[in-house]
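Undergrad: Below is a structure I'd like to ask you about.
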Amino acid sequence: MKMLFLHKLLLSEFLFAMVLLGQTAHATQSEESSAEMTITMPWVNINTADAPTLAIALDGVGESRAEDIVAYREQHGEFKSIEALAEVRGIGPATVERNRDRIRIAEE
239 MKMLFLHKLL
249 LSEFLFAMVL
259 LGQTAHATQS
269 EESSAEMTIT
279 MPWVNINTAD
289 APTLAIALDG
299 VGESRAEDIV
309 AYREQHGEFK
319 SIEALAEVRG
329 IGPATVERNR
339 DRIRIAEE
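Counting in this note's numbering, the sequence shown runs from 239 upward without gaps.
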C-alpha cells in the first residue's frame, strides 16, 4: 500500500515537472469521443527505472512486461547494451528497435 502511494506520488511529481518543462501530455480522441491520455517521456534508464516508469516510457511495454524487465535486471544485473533488453521474456527485437531512441543504460 505504501509502495503504491509512493509510485503515485512520484508519477504526479513527474507529470508536474513535465508540464513545467513544456513536455505536456497529449490526448487522442477514440471512436467513442472519449479522451485517452498518452504520456511520452524523452528517455528512460532501463538499469534504474522502476516498473511503473518503464511501463509509461516504453512503447508496447505494459505493467506486467515492465515488472519482467525489473525482475530480469535483479536476477542478471544491469543491462550492458540496449540490445540486451531483448533477452527479457516477451521483449523482442522489434520492441527494442521501436524504443531505441528513448532507452538509456547509463546516466546522462
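Don't be surprised by glycine CBs; every beta carbon is placed ideally from N, CA and C. The model shown is predicted, which means the values in this text are computed figures rather than measured ones.
1) Beta-carbon separation of residue 324 and residue 330 under 8 Å?
2) Out of 283, 291, 280 and 303, state which residue places its alpha-carbon closest to the alpha-carbon of residue 333.
3) Among 295, 344 and 328, which residue has its Cα nearest to the Cα of residue 310?
4) Assuming the contact rule is C-beta atoms closer than 8 Å, residue 326 and residue 307 should be a hit. Round their C-beta distance to whole Å, please.
5) Using 8 Å as the threshold, is the C-beta distance between residue 283 and residue 345 below it?
6) Fully enclosed by the stretch 274-346, which alpha helix (DSSP H) runs are 4 residues long or longer?
7) How should residue 291 be labelled, buried or exposed, when 16 other C-beta atoms within 10 angstroms of its C-beta is the threshold for buried?
8) Look at the Cβ atom of residue 340, then the Cβ atom of residue 295, and state whether they are nearer than 8 Å.
9) Out of 293, 321 and 285, point me to the one whose CA is closest to residue 312's CA.
10) How many angstroms separate the CA atom of residue 300 from the CA atom of residue 289?
TA: Looking at the coordinates:
1) As a working note, residue 324 is residue 86 in the sequence shown. As a working note, residue 330 is residue 92 in the sequence shown. In this structure, residue 330 lies closer than 8 Å to residue 324 by Cβ.
2) Position 95 of the sequence shown holds residue 333. The option with the nearest alpha carbon to residue 333 is 303.
3) Taking the first residue of the sequence shown as position 1, residue 310 is located at position 72. That would be 328, whose Cα lies nearest to the Cα of residue 310.
4) Start at 1 with the first residue of the sequence shown, and residue 326 comes out as number 88. Start at 1 with the first residue of the sequence shown, and residue 307 comes out as number 69. A Cβ-Cβ separation of about 5 Å places residue 326 in contact with residue 307 under the 8 Å criterion.
5) On the sequence shown, residue 283 is found 45 positions in, with the first residue counted as 1. On the sequence shown, residue 345 is found 107 positions in, with the first residue counted as 1. Yes, these two residues count as a Cβ contact at 8 Å.
6) DSSP assignment within the stretch 274-346 yields the following whole alpha helix (DSSP H) runs of 4 residues or more, N-terminal first: 289-295, 301-314 and 331-337.
7) Counting from 1 along the sequence shown, the entry for residue 291 is found at position 53. By the neighbour-count rule (16 or more Cβ atoms within 10 Å), residue 291 is buried.
8) Along the sequence shown, one-based indexing puts residue 340 at 102. Along the sequence shown, one-based indexing puts residue 295 at 57. Between residue 340 and residue 295, the CB-CB gap stays under 8 Å.
9) For the purposes of this step, residue 312 is taken as the residue at position 74 of the sequence shown. Answer by Cα proximity: 285.
10) Within the sequence shown, residue 300 is the residue found at index 62, counting from 1. Within the sequence shown, residue 289 is the residue found at index 51, counting from 1. Straight across, the Cα-Cα distance linking residue 300 with residue 289 is about 9 Å.
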